[in-house]
Amino acid sequence: MNYLAAFVMAIISYALIDNVVLSRFYGICSFIGVGNKVKSSLCMGAAVAFVIIMAAAICWPLYNFLLVPAGVAFLDTIAAILVIACLVMVVGLVMKKFLPALYQSLGIYLPLITTNCAVLGVVSENIASNLDFGMAMANAVGTSVGFALVIFLYACIRVRLEASSTPKAFKGIPIALVVASLMAMAFMGLQGIGA
Amino acid sequence: MKVNMKHAFYVGGFLAGLCGVLALAIAGVDLLTKDIIKANKLEKERNGLKRVFPSGEVDGEAVEVHQGKLEKYWTVKESGSELGRIYSAFGKNSYGQVSLLIGVYSDFSLGNIVVLENTESYGQTLEEGYLDPYNAAEDKSTAVLSVSCGATYGATLCRDMILEAASHYQGGQA
Amino acid sequence: MSNQERKEAFLSPLWKTNPLFISLLGMCPALAVTKTLEAAFGMGILFTLVLVCSNVLISALRKWIPEEVRTPSYIVVIATFVTLVKMFAEAFLPELYSTLGVFVSLLVVNCIVLGRAEAFASKNGVLPSLLDGIGNGIGYTIAICLIAVIREVLGSGRLTFGATFTFLADLNGGEKIRVPLLKGEGYDLSMSFFSSPAGGFLVLGIVLAIIVAVTNAKENKKKADARIAAKKAKELAAANAAKEEAK
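Chains as they are written, first to last, in our numbering: chain A, 1 to 195; chain B, 1 to 174; chain C, 1 to 247.
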């Protein structure tokens, strides 16, 4: 029961308090790149969530039951990136086959999930912080939820942003970063929950 | 589509060769740096012991405790009499783990604290934001209790470790 | 490749095609490690090392890397160098290593490293790739150090040296060197907001906007100059024509 409470608390804190984009700075490229259509942002969130959770679930046993006993714990980064690259390929193939329309609309962003730091970030963090399997999965789930939430919110703001007149110098990425700053400030209000 | 066997073998062979060579390079560098990393950790512990009680001198070997978050302690002496103990503590939460060296004076008041390891990757403020004000505070027992202001999980974990160290010292003497 | 092009490969990423400010790549570390100048500088060094090594090896292997597995090969090469750099950092700069945390591992997925491999090293020889790597590395280091200086001065009120590069503190007799700017005896104008993630986003956004504004202003000035020159030439021609006629 105690562990379950800690698990739920960890998910909440990874999703909201230490949000993946707004306070851990992972996945900013895709956050800014994909975030102009509400629907594709949701799909992107789902795809990234799938890759993060699968990668965390595969890499944890791979690291703790294979690399560490074999004495090659230093291969962690390479092993993780290979697992992630394979997963992204699988997601791409499955989507192409069953959801071709979606595959079209996500376009070039799909292969870029491999280089989305959120995925490798979660896996490296799980290894570096020596988390147990439950907490590692809490990190993965919380991070995915946080990522999907933030890119969805950002896409909603962006729709309004494009209709409004921003100063010329701020058009595009600079205003996106200012918006991210304001969102981060809002999320800062959640600090201290459950501590 | 006709698969060109020769080419497929070339691709496979190339990848295998590349991975093999690179893995060898990594293993070589690992052999080279492993001992240095280990020595660094020991050095850090030694330096940490000095920083906890700058005026005292560590007397003898560490005593193993392995109780709760505490691992072992060193007795520190100053000009022959016991100045206090330095506890080595290790704690874990959902963000990672923290190793501390905690100084406790022989009258059970709290001394300085040094962070040995902190794997809470975005808890980088642990030392600057929380422990620096603590180490600078005159009255450490109130400083440790006031962490609820702006508390992070890391700070709470540290507080638990500090209080545990103090009560262990007190319990052993009484 | 001519000398001129080689020079260009090295010099242009320093400012003209700066990977962070102009190409807008590698934003994650630019926000995550720019709380202090020392951390940003250390990250810049490690980044440059990884970029130079991977650029050189990839350009040396470019004739043998099969087209189908190009990207995976690049990623494996980059991941290897990141691991090597990580090990050296842990052994020789342990403080820096623990400050940067997982962001050293995340160099593997840094868009700049992969981007230079795809765009430059796979098409050019070893020497130009080396220069390109050094140029981009220094350019990126300059960029993140600029962000870090702004954030550290505004956020903590002073610049601190010796916390990450401990040998600086050793040179100073074991004490960290603190340069008071906004915070000193009796006054404190620092705003810890700028050390927080939200402050990082804001600083980067405003710096980018300033750079866009300056570039735009320069271009506008160039255009205006050209217009004025054209107008003057026209007037001169008209005056000359008038003179001719008067004759």
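In this text, a Cβ means the ideal position worked out from N, Cα and C, and glycines have one as well.
Since this is a predicted model, take the numbers as computed values, not measurements.
Closer than 8 angstroms to the CB of Asp139 of chain B there is not a single CB belonging to chain C. Minimum Cα-Cα distance from Thr75 of chain B among the listed residues B:Ile37, B:Ala89, B:Val65 and B:Val58 corresponds to B:Val58. Counted as a single uninterrupted DSSP element, the stretch harbouring Trp74 of chain B is not any alpha helix (DSSP H) but the beta strand (DSSP E) occupying residues Leu70 to Glu78. When only Cα atoms are considered, Ser98 of chain C and Lys86 of chain C end up about 11 angstroms apart. Minimum Cα-Cα distance from Glu185 of chain C among the listed residues C:Gly42, C:Asp225, C:Gly157 and C:Phe103 corresponds to C:Gly157.
Look at the beta carbons and you see the region 38-47 of chain A not touching the region 167-174 of chain A: under three pairs across the two are nearer than 8 angstroms. In chain order, Met87 make up the part of chain C whose C-beta sits under 8 angstroms from the C-beta of Asp30 of chain B.
Secondary structure within the region 2-79 of chain A: not one fully enclosed beta strand (DSSP E) run of 3 or more consecutive residues is present.
Put simply, the CB of Asn118 of chain B is near chain C, with a gap under 8 angstroms to one of its CB atoms.
For Thr160 of chain C, DSSP records a beta bridge to C:Arg178. Annotation for Tyr105 of chain B: Leu83, Gly84 and Gly111 place their beta carbon closer than 8 angstroms to its own, counting only its chain and skipping 5 residues before and after. Residue contact check for Asn40 of chain B against chain C: a CB pair falls below 8 angstroms. Contact annotation: the region 220-230 of chain C does not touch the region 191-207 of chain C, with fewer than three C-beta pairs closer than 8 angstroms. Distance check between Arg178 of chain C and each of C:Leu37, C:Ala60, C:Asp225 and C:Ser122 places C:Leu37 closest, using alpha-carbon atoms only. Beta-carbon to beta-carbon, Ile36 of chain B and Leu75 of chain A are separated by about 19 angstroms, too far to satisfy the 8 angstroms threshold. Scanning its chain for C-beta atoms nearer than 8 angstroms, with the 5 sequence neighbours on each side dropped, one finds around Val91 of chain A the residues Ala47, Phe50, Val51, Leu110 and Ile113, in chain order.
Listed along chain B are Ile26 and Asp30, each with a C-beta nearer than 7 angstroms to that of Phe74 of chain A. Among the CB atoms of chain A, one or more fall inside 8 angstroms of the CB of Ser94 of chain B.
Under DSSP, Phe90 of chain B takes part in a beta bridge, and its partners are B:Ser99. Listed along chain C, the residues sitting closer than 7 angstroms to Ala184 of chain A by beta-carbon distance are Pro197, Ala198 and Phe201. At a cut-off of 8 angstroms, the C-beta of Gln170 of chain B has no neighbouring C-beta in chain A. By the C-beta criterion, the region 219-226 of chain C is judged not to be in contact with the region 24-42 of chain C, since fewer than 3 inter-stretch pairs fall below 8 angstroms. The beta carbons of Ile75 of chain C and Ala85 of chain A sit closer together than 8 angstroms.
Closer than 8 angstroms to the CB of Thr33 of chain B there is at least one CB belonging to chain C.
Between Thr77 of chain A and Ser105 of chain C, the gap from beta carbon to beta carbon is short of 8 angstroms. Nearest Cα to Asn3 of chain C within the set C:Val203, C:Leu131 and C:Val212: C:Leu131. Going by beta carbons, Lys69 of chain B and Gly91 of chain B fall inside the 8 angstroms limit. The C-beta of Ser144 of chain A has 16 or more other C-beta atoms within 10 Å across all chains shown, which makes the residue buried. Membership of Leu116 of chain B in the beta strand (DSSP E) is indicated by the continuous run Leu110 to Asn118. Ser94 of chain B and Ala15 of chain A do not touch by the CB rule: their CB atoms are close to 12 angstroms apart, not below 8 angstroms. In this structure, DSSP gives Arg51 of chain B a helical state, which the three-state scheme calls helix.
Less than 8 angstroms divides the Cβ of Val77 of chain C from the Cβ of Ser54 of chain C.
For Val52 of chain C, the enclosing alpha helix (DSSP H) begins and ends at Leu37 to Leu61. Look at Asp132 of chain C here: in three-state DSSP terms it is helix.
Under the Cβ distance rule, Ala56 of chain A does not count among the residues neighbouring chain B, no pair being separated by less than 8 angstroms.
The C-alpha of Ser81 of chain B lies about 10 angstroms from the C-alpha of Gly56 of chain B.
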